[in-house]
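**Student:** Just passing along the structure, written as structure tokens.
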Amino acid sequence: MAKRQMKHILVIGAAGQIGSELTMALRQRFGNDNVVATGRKTKPSDIVFESGPFEYMDVTNKESLKKVIETYEIDTMYNMAAILSAVGEKNPQLCWNVNINGLIHLLDCAKEYDMTRVFIPSSIAVFGPQTPKENTPQETILKPTTMYGVSKVAGELLGDYYVKKFGLDVRGMRYPGIISSETLPGGGTTDYAVEIFYEAIQNKKYTCFVKETTRLPMMYMPDCIKATLDLMDADFNKLKHHCDYNVTAMSFSAGELAKEITKHIPEFTCTYKPDFRQDIADSWPQSIDDSCAREEWNWKHSFDLSKMTKDMIQALGKRHEQGKLYG
Ligand code: AKB
23 MAKRQMKHIL VIGAAGQIGS ELTMALRQRF GNDNVVATGR KTKPSDIVFE
73 SGPFEYMDVT NKESLKKVIE TYEIDTMYNM AAILSAVGEK NPQLCWNVNI
123 NGLIHLLDCA KEYDMTRVFI PSSIAVFGPQ TPKENTPQET ILKPTTMYGV
173 SKVAGELLGD YYVKKFGLDV RGMRYPGIIS SETLPGGGTT DYAVEIFYEA
223 IQNKKYTCFV KETTRLPMMY MPDCIKATLD LMDADFNKLK HHCDYNVTAM
273 SFSAGELAKE ITKHIPEFTC TYKPDFRQDI ADSWPQSIDD SCAREEWNWK
323 HSFDLSKMTK DMIQALGKRH EQGKLYG
């Protein structure tokens with residue numbers, strides 16, 4: 023399935039938590055001018071905005087997507103635009119529209135413009151209450167109870183369909199909760215695992231919106247970027263799956279995370295006040311079996327709970343000292 027070399031890359035959703043850091047990693051690798059960043063409304067970080075091309079574009083509007091593809095002769099796309107689980111429950115129609123209608127536009131454009139490769143992320147949200155919770159297998163029950171999860175299952179199936187039916191090279195993985203220090207996440211259930219660090223640094227206390235015992239699969243951003251680039255680099259012929267790889271790095275409860283933070287900030291306290299996001303978290307697995315990703319494209323993580331916590335506190339602590347904790 024080797025076509026042209028990857029040259030002109032489009033990152034959709036480049037103002038978001040993963041899109042912003044992915045854009046910078048791709049620019050470093052392929053050259054600033056070869057990576058076009060787009061966002062719907064939010065202005066991205068200064069570095070994303072200033073280091074290379076940036077366009078405002080709405081993936082639900084196919085014409086605006088086509089215009090960007092034609093202007094920059096795009097041959098590779100990363101679709102990081104999504105309405106996440108918590109916002110998706112507040113606005114299910116918007117969630118379906120962005121996550122599915124946007125995705126179809128993107129896949130159709132990839133086919134129409136004979137693109138080299140497309141990345142479409144999925145999520146642990148594809149799993150539901152009937153899925154085994156521990157060491158969740160690659161092949162298992164996919165009956166999510168959130169609109170975000172429904173859209174992600176449909177997205178995985180759509181991506182696989184475009185591979186089989188049209189010979190398009192589409193790849194994707196089921197991201198766990200992603201923890202990072204550059205751009206705050208927005209609208210997800212796993213957001214508490216990022217917010218807790220900001221609050222620990224700034225106020226030495228945090229009210230967590232899931233229970234102390236809530237345990238979810240997580241990954242630190244450097245591993246998330248590595249996993250994404252590694253899957254996109256992998257030899258297509260070695261991939262037995264396409265859009266639905268399980269990936270993980272660590273699993274911990276909210277209480278275990280708080281305890282790890284107190285090793286660095288002893289006065290930090292965490293209280294727990296579960297809200298509607300508790301039900302979402304309870305419907306997801308606690309740990310993931312990602313052996314297919316490890317076997318088929320050599321996935322390996324580097325950060326565990328203690329290494330990630332140390333790194334987060336160092337990065338945010340430095341920004342706090344400079345009076346720029348929130349950028
Ligand atoms: C969310 O919490 O909605 C996301 C996800 C796990 O996909 N971070």
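Counted from 1, the sequence shown has number 203 at position 181 by this note's numbering; the numbering is strictly sequential. Ideal Cβ placement from N, Cα and C applies to all residues, glycine included. Here the structure is a predicted model, which means the values were calculated and not measured.
I'd like to confirm the pairing. Which residues does DSSP put opposite residue 241 in its beta bridges?
**Tutor:** The sequence position of residue 241 within the sequence shown is 219, counting from 1. 200.
**Student:** If you check the beta carbons only, do residue 300 and residue 227 fall under 8 angstroms apart?
**Tutor:** In the sequence shown, residue 300 corresponds to position 278, counting from 1. In the sequence shown, residue 227 corresponds to position 205, counting from 1. Taking 8 angstroms as the Cβ cut-off, residue 300 and residue 227 do not qualify as a contacting pair.
**Student:** Grouping DSSP H, G and I as helix and E and B as strand, with all else coil, what is residue 227?
**Tutor:** Counting from one through the sequence shown, the residue named residue 227 turns up at place 205. Looking at residue 227 - three-state DSSP - the assignment turns out to be strand.
**Student:** Does at least one heavy atom of ligand 1 sit under 7 angstroms from the Cβ of residue 250?
**Tutor:** What you label residue 250 is simply residue 228 of the sequence shown in a count that begins at 1. Checking the Cβ of residue 250 against ligand 1 gives no.
**Student:** In angstroms with no decimal places, state the Cα-to-Cα distance between residue 164 and residue 33.
**Tutor:** Position 142 of the sequence shown, counted from the start, is the residue given in the question as residue 164. Position 11 of the sequence shown, counted from the start, is the residue given in the question as residue 33. Distance between the alpha carbons of residue 164 and residue 33 is about 28 angstroms.
**Student:** Quick check on this structure: which residue in 111, 134, 322, 161 has the alpha carbon closest to the alpha carbon of residue 297?
**Tutor:** The residue you call residue 297 lines up with position 275 of the sequence shown. Of 111, 134, 322, 161, the residue nearest in Cα terms is 111.
**Student:** Between residue 106 and ligand 1, is there a pair consisting of the residue's CB and a ligand heavy atom that are separated by less than 7 angstroms?
**Tutor:** Translated into positions along the sequence shown, residue 106 becomes position 84. Yes, since a heavy atom of ligand 1 falls inside the 7 angstroms radius drawn around the Cβ of residue 106.
**Student:** From 175, 95, 211, pick the residue whose C-alpha is nearest to that of residue 134; which is it?
**Tutor:** On the sequence shown, position 112 is the one that residue 134 refers to. It is 95.
**Student:** Please identify the residue among 326, 295, 117 whose C-alpha is closest to the C-alpha of residue 246.
**Tutor:** If you number the sequence shown from 1, residue 246 lands on position 224. Cα-wise, what sits closest to residue 246 is 326.
**Student:** Just the C-alpha distance for residue 24 and residue 255, rounded to the nearest angstrom, thanks.
**Tutor:** On the sequence shown, position 2 is the one that residue 24 refers to. On the sequence shown, position 233 is the one that residue 255 refers to. Note that residue 24 scores a pLDDT of 48, beneath 50, so its modelled location is shaky; the value from the coordinates is reported in the next line. Rounded to the nearest angstrom, the two C-alpha atoms are 11 angstroms apart.
**Student:** So what does residue 61 bridge to, in DSSP terms?
**Tutor:** Counted from its first residue, the sequence shown places residue 61 at position 39. In the DSSP output, where bridge partners are listed per residue, residue 61 has 78.
**Student:** Could you name the residues that DSSP lists as bridge partners for residue 272?
**Tutor:** Along the sequence shown, one-based indexing puts residue 272 at 250. Residue 272 is bridged to 240.
**Student:** Contact criterion: CB-CB distance below 8 angstroms. Does residue 161 meet it with respect to chain C?
**Tutor:** Looking for chain C here will not work: only one protein chain is present.
**Student:** List, from N- to C-terminal side, the beta strand (DSSP E) runs of 3 residues or more that fit wholly inside the region 128 to 199.
**Tutor:** 139 to 141, 195 to 197
**Student:** Using the rule of at least 16 other Cβ atoms within 10 Å of the residue's Cβ for burial, across every protein chain shown, is residue 258 buried or exposed?
**Tutor:** In the sequence shown, the residue the question calls residue 258 occupies position 236. Looking at its Cβ environment, which holds fewer than 16 other Cβ atoms inside 10 Å, residue 258 is exposed.
**Student:** Mapping DSSP to helix, strand and coil, what is residue 119?
**Tutor:** Counting from one through the sequence shown, the residue named residue 119 turns up at place 97. Residue 119: helix per DSSP, three-state reduction.
**Student:** Pairing CB atoms from the region 89 to 103 with CB atoms from the region 36 to 55, are three or more of them under 8 angstroms?
**Tutor:** yes
**Student:** To the nearest angstrom, how far is it from the Cα of residue 177 to the Cα of residue 124?
**Tutor:** One-based indexing of the sequence shown puts residue 177 at position 155. One-based indexing of the sequence shown puts residue 124 at position 102. Each residue's Cα considered, the two are about 10 angstroms apart.
**Student:** Going by beta-carbon coordinates alone, are residue 276 and residue 214 separated by less than 8 angstroms?
**Tutor:** Residue 276 sits at position 254 when you count from the first residue of the sequence shown. Residue 214 sits at position 192 when you count from the first residue of the sequence shown. Yes, these two residues count as a Cβ contact at 8 angstroms.
**Student:** Throw me the rounded Cβ distance for the residue 70 and residue 93 pair, which I believe falls under 8 angstroms.
**Tutor:** Walking along the sequence shown from the start, residue 70 turns up at place 48. Walking along the sequence shown from the start, residue 93 turns up at place 71. About 18 angstroms separates the Cβ atoms of residue 70 and residue 93, ruling out a contact at the 8 angstroms cut-off.
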